[in-house]
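One structure is given here, and the rest of the page talks about it.
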Amino acid sequence: MDVDQVLEILQKNAQPDKVKRMADFGINPEKSLGISVATLRSIARKIGKDHELALKLWETGIRDARILAPHIDEVKKVTPTQMDAWADDFDSWDVVDNCCGHLFDKTPYAYEKVVEWSTHEKEFVKRASFSLIAWLAVHDKKQSDETFIQHFELIKKAAYDDRNYVKKAVNWALRSIGKRNIDLNKKAIELAVVLKEMNNSSARWIGSDAFRELSSKKVKERLEKKKKVA
Numbered sequence: 018m019d020v021d022q023v024l025e026i027l028q029k030n031a032q033p034d035k036v037k038r039m040a041d042f043g044i045n046p047e048k049s050l051g052i053s054v055a056t057l058r059s060i061a062r063k064i065g066k067d068h069e070l071a072l073k074l075w076e077t078g079i080r081d082a083r084i085l086a087p088h089i090d091e092v093k094k095v096t097p098t099q100m101d102a103w104a105d106d107f108d109s110w111d112v113v114d115n116c117c118g119h120l121f122d123k124t125p126y127a128y129e130k131v132v133e134w135s136t137h138e139k140e141f142v143k144r145a146s147f148s149l150i151a152w153l154a155v156h157d158k159k160q161s162d163e164t165f166i167q168h169f170e171l172i173k174k175a176a177y178d179d180r181n182y183v184k185k186a187v188n189w190a191l192r193s194i195g196k197r198n199i200d201l202n203k204k205a206i207e208l209a210v211v212l213k214e215m216n217n218s219s220a221r222w223i224g225s226d227a228f229r230e231l232s233s234k235k236v237k238e239r240l241e242k243k244k245k246v247a
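So for the sequence shown, the working numbering puts the first residue at 18; every next one is plus one.
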């Protein structure tokens, strides 16, 4: 299947009425066809893996094509250069999180990019750093606790960034680490308390929100149960 054939399929599945409502969810509606992620995943399964096609779809600049691209890309063929190039194009949180959670987090360069992007000037590139942390905390089952503890310093520094899509990702990263296991939960709560007491509104919001969830009975019970099973 070539790029023109895929674009034809996307056009057939376009939902213009949904495009109008995207801005309400903080999604950039420009160059969007309004196709649901579920539909795009279904299309991806029919296409199969194709690295070159993924690159061409990304180059179209169409939001839906850029959400489809990570689902069909071949992880082993992804390079740091490609990751930087795609990150530089990020213009909407949904595209960021989709790339990070369905492709970038599976590459051997993921942890390297976490550090590199954590201080980036561009809002969505910086978001990608913490989106990656959040996804890695969920997907990288074999990674050591120490690796995620090392990311606490990145979280603490970025907590001062009051840009909406950065602070939400920083909060997400902290909560995801804290829900990984009992030990990390305790460490994440300790950091949340520190952030709650900082003289910065963004840091206080991140700390308070993370503390609320991570110290909840629901999370504690789930982690205790997970520990017993392990």
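Ideal Cβ positions, reconstructed from N, Cα and C, are used throughout, including at glycine. The structure displayed is predicted, hence computed values, not measured ones.
From the DSSP output, in three-state form, read off M39 for me. Here M39 sits in helix by DSSP.
Which two residues bound the contiguous alpha helix (DSSP H) that contains Y126? Careful: Y126 lies outside any alpha helix (DSSP H) and carries neither H nor E.
Per-residue DSSP class, three states only, for L149: DSSP places L149 in helix when its eight states are reduced to three.
Kindly indicate which three-state DSSP category L50 falls into: helix, strand or coil? In the structure shown, L50 sits in coil (DSSP, three-state: anything other than H, G, I, E or B).
Three-state secondary structure assigned by DSSP to V95: Correct three-state label for V95: coil.
Could you check what DSSP says for M100 in three-state terms: helix, strand or coil? M100: helix per DSSP, three-state reduction.
Assuming Y182 is part of the alpha helix (DSSP H), what are its boundary residues? Counting along the chain, the alpha helix (DSSP H) containing Y182 begins and ends at N181 to G195.
Thinking C-beta only, is A127 closer than 8 Å to L149? When the beta-carbon positions are compared, L149 and A127 come within less than 8 Å of each other.
How many whole angstroms separate the CB atoms of A145 and C117, which I take to be in contact at a CB cut-off of 8 Å? Contact flag correct, Cβ pair sits at about 6 Å.
Give the secondary structure of S219 by DSSP, where H, G and I count as helix, E and B as strand, and everything else as coil. S219 carries a helical assignment under DSSP once its states are collapsed to helix, strand and coil.
Can you name the start and end residues of the alpha helix (DSSP H) that D169 belongs to? The sequence shown places Phe at residue 169, rather than the Asp named in the question. Per DSSP, F169 is one residue of the alpha helix (DSSP H) stretching across F169 to A175.
Considering only their Cβ atoms, is the gap separating D111 from I44 smaller than 8 Å? The answer is yes: Cβ separation under 8 Å.
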